[in-house]
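Engineer:
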Amino acid sequence: MSLKKIDKNKIPQHIAVIMDGNGRWAKKRGMKREKGHRAGRKSVKKIVESCIELGIKNLTLYAFSTENWNRPKLEIDFLMQLLFLSLKDELKSLNKNNIRFETIGNLGMLPKKISTYLQKVKNETRKNSKLTLTLALSYGSRSEIVDVVREISDKVKNNIISSKNIDETVINNHLYTRNLPDVDLLIRTSGEKRISNFLLWQIAYSELYFTKKLWPDFRKKDLYRAIISYQNRERRFGKTSEQIK
Ligand code: FPP
């Protein structure tokens, strides 16, 4: 799958990825699940590099869902440690490559050491502008929507907003993703065809791309495939084909 087939004038602005299949990748090799997560980290690096090369402005990765808290404690601890070490290793490289680091999710649930470090990485990269890399951590879309409703209700109660002025823009501006454009392309690896509580509002008009590749095997050429598939689709946003042309 060649880079040449990608139309540089139709690059998606925002790609979101459900990185699935680390556990199965390890199992197939008779390894512990942790090895799969470690291998998944390498895919993250490759895909970030590729986004920079292609001029993609926003990449959002589902790294840990609210439901993932139900996994065995040992696996959770491993994932948290892997995240911490990855951020420590990559902080310099984020700045060198002009990458702004962001998070969405309930960071209050994360161990203090991790949330403090996340804040530091966000602060130290906040002026970067080539790519915004957002990690969804302890993230669940329904819980995000609950937070939005709470925040807007408080504003209505305190006469900051009138309920008749609540519209889609107001809701957008209260989502964790308020500073990001809508998702153009959502990719899920490992053959599962589910959204799993990821960015439900934000993917209303996204193109969905499912691949059987397990996340640790996902490489640049797989991203090219997804982008080419996206570029060959007609995004009508509810209009007719003629109106688009
Ligand atoms: C899904 O595979 C993956 C996760 C729950 C964690 C994602 C973590 C990484 C890719 C590691 C590195 C990330 C960063 C940002 C440093 P799974 O465990 O659900 O796989 P399975 O469905 O095959 O069991």
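Under the numbering used here, the first residue of the sequence shown is numbered 97, with each subsequent residue one higher. Positions of the beta carbon are idealized from the N, C-alpha and C atoms, including for glycine. Note that the coordinates shown come from a computational prediction; the quantities given were computed from them, not determined experimentally.
Grouping DSSP H, G and I as helix and E and B as strand, with all else coil, what is F314?
Structural biologist: Residue 314 sits at position 218 when you count from the first residue of the sequence shown. Looking at F314 - three-state DSSP - the assignment turns out to be coil, as it is neither helix nor strand.
Engineer: By Cβ distance, which residues of its chain are closer than 8 angstroms to S139, with the 5 residues on each side in sequence left out?
Structural biologist: Taking the first residue of the sequence shown as position 1, residue 139 is located at position 43. Closer than 8 angstroms at the Cβ level, and outside the excluded window around S139, lie M115, W311, P312, D313, F314, R315.
Engineer: Roughly how many angstroms separate the alpha carbons of L227 and E264, rounded to a whole number?
Structural biologist: Position 131 of the sequence shown, counting from 1, holds the residue named residue 227. Position 168 of the sequence shown, counting from 1, holds the residue named residue 264. Cα to Cα, L227 sits roughly 26 angstroms from E264.
Engineer: Starting from the Cα of C147, find the closest Cα among K341, I262, M205, T230 and give me that residue.
Structural biologist: Taking the sequence shown and counting its residues from 1, the one referred to as residue 147 is at position 51. C147 has its Cα closest to that of T230, out of K341, I262, M205, T230.
Engineer: Ignore the nearest five residues each way along the sequence and tell me which others in I257's own chain have a CB closer than 6 angstroms to its CB.
Structural biologist: The residue labelled residue 257 in the question sits at position 161 within the sequence shown. Here the set comprises K251.
Engineer: Determine the extent of the alpha helix (DSSP H) in which S189 is found, giving its start and end residues.
Structural biologist: Looking up residue 189 in the sequence shown gives position 93. Where S189 is concerned, the enclosing alpha helix (DSSP H) stretches over 169 to 192.
Engineer: Out of W165, I323, G117, state which residue places its alpha-carbon closest to the alpha-carbon of D280.
Structural biologist: Start at 1 with the first residue of the sequence shown, and residue 280 comes out as number 184. Answer by Cα proximity: I323.
Engineer: For F197, count the other beta carbons within 10 Å of its own beta carbon; 16 or more makes it buried, fewer makes it exposed. Which is it?
Structural biologist: Counting from one through the sequence shown, the residue named residue 197 turns up at place 101. F197 comes out buried.
Engineer: Let me know the secondary structure DSSP gives V279 once reduced to three states.
Structural biologist: Residue 279 sits at position 183 when you count from the first residue of the sequence shown. In this structure, V279 counts as coil in the three-state DSSP scheme.
Engineer: Excluding the 5 residues preceding and the 5 following L206 in the sequence, name in chain order all residues of the same chain whose CB lies nearer than 8 angstroms to its CB.
Structural biologist: Residue numbering aside, residue 206 sits at position 110 when the sequence shown is read from its first letter. Around L206: M176, L214, L233, S234.
Engineer: Report yes if the CB atom of I398 is closer than 9 angstroms to the CB atom of D278, and no otherwise.
Structural biologist: Residue 398 cannot be examined here, being either before or after the span of the chain that is shown, 97 to 341.
Engineer: Taking the alpha-carbon of K223 as reference, which of D185, T285, L190, T212 has the nearest alpha-carbon?
Structural biologist: Looking up residue 223 in the sequence shown gives position 127. Looking at the Cα atoms, L190 is the closest of the given residues.
Engineer: Where in the segment 232 to 279 do unbroken runs of the alpha helix (DSSP H), each at least 4 residues long, occur, reported from the N-terminal end onward?
Structural biologist: For the segment 232 to 279, whole alpha helix (DSSP H) runs of length 4 or above, ordered along the chain, are 237 to 253, 264 to 268.
Engineer: Going by the beta-carbon positions, is the gap between S98 and S292 smaller than 9 angstroms?
Structural biologist: Here residue 98 is taken as the residue at index 2 of the sequence shown, counted from 1. Here residue 292 is taken as the residue at index 196 of the sequence shown, counted from 1. Not in contact: S98 and S292 (Cβ atoms no closer than 9 angstroms).
Engineer: Identify, in the order they occur along the chain, each residue of the same chain with its Cβ nearer than 6 angstroms to the Cβ of V266, setting aside the five sequence neighbours on each side.
Structural biologist: Taking the sequence shown and counting its residues from 1, one reaches residue 266 at position 170. If we look at V266 and ignore the five residues flanking it on each side, it has no Cβ neighbours.
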